[in-house]
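The structure under discussion appears below in the form of structure tokens.
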Amino acid sequence: MPPTHDPQLLKGVLTLVLLQLLAEHESYGYEVVQRLHGAGLAEVMEGTVYPALTRLEREGRVTARLVSSNAGPARKYYRPTPAGLAALAVGTANWASLVEIVGAVLQRPLPTESIEGT
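With my numbering applied, the sequence shown covers 278 to 395.
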């Protein structure tokens, strides 16, 4: 059974992950969901991804284009804009710094005496 992830933590980094996936290659919404699942984020659903993509488009961090499909309606393909790539670079650096700081705190040894007995 795959691990589940704290939804609040995921919410905080979803934009960064979406920008990374789209920077790797242009994708349509459902494909992004499948790529997230393949990366181990099975709990991220379409109902979370589509609004995030719409917000990124509104913010000018991704651009979208419609591509006709033989298998159904046209698909909306997303890719990062220069502003989105800049946000990805800054966000990645900030994330790496945060991971280092939080990791260092969580690696500290716990006191040997009981906290309740203090």
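Beta carbons are placed, not taken as given, at the ideal position from N, Cα and C, and that holds for glycine.
Grab the span of the beta strand (DSSP E) containing LEU343 for me, first residue to last. What you label residue 343 is simply residue 66 of the sequence shown in a count that begins at 1. Its beta strand (DSSP E) spans residues 339 to 346.
Locate the beta strand (DSSP E) running through GLY349, then write down its first and last residues. On the sequence shown, position 72 is the one that residue 349 refers to. Run containing GLY349: 349 to 357, per the beta strand (DSSP E) assignment.
Between ALA319 and the ligand ZN, is the CB less than 7 Å from at least one heavy atom? This structure lacks the ligand ZN; in fact it carries no ligand of any kind.
C-alpha distance - THR331 paired with GLY337, whole-angstrom precision: As a working mapping, residue 331 is identified with position 54 in the sequence shown. As a working mapping, residue 337 is identified with position 60 in the sequence shown. Within the model, the alpha-carbon separation for THR331 versus GLY337 is close to 10 Å.
Enumerate in chain order the residues of its own chain whose CB-to-CB distance from TYR305 is below 8 Å, with the five nearest sequence positions on each side excluded. Along the sequence shown, read from residue 1 onward, the residue named residue 305 stands at position 28. Counting only residues of its own chain and dropping the five nearest sequence neighbours on each side, TYR305 has a CB closer than 8 Å to the CB of VAL344, ARG352, LYS353, TYR354 and TYR355.
Would you check if there are 3 or more beta carbon pairs closer than 8 Å linking the region 318 to 330 to the region 281 to 295? Look at the beta carbons and you see the region 318 to 330 touching the region 281 to 295: at least three pairs across the two are nearer than 8 Å.
What are the boundary residues of the alpha helix (DSSP H) that includes THR325? For the purposes of this step, residue 325 is identified with residue 48 of the sequence shown, where counting begins at 1. Run containing THR325: 323 to 335, per the alpha helix (DSSP H) assignment.
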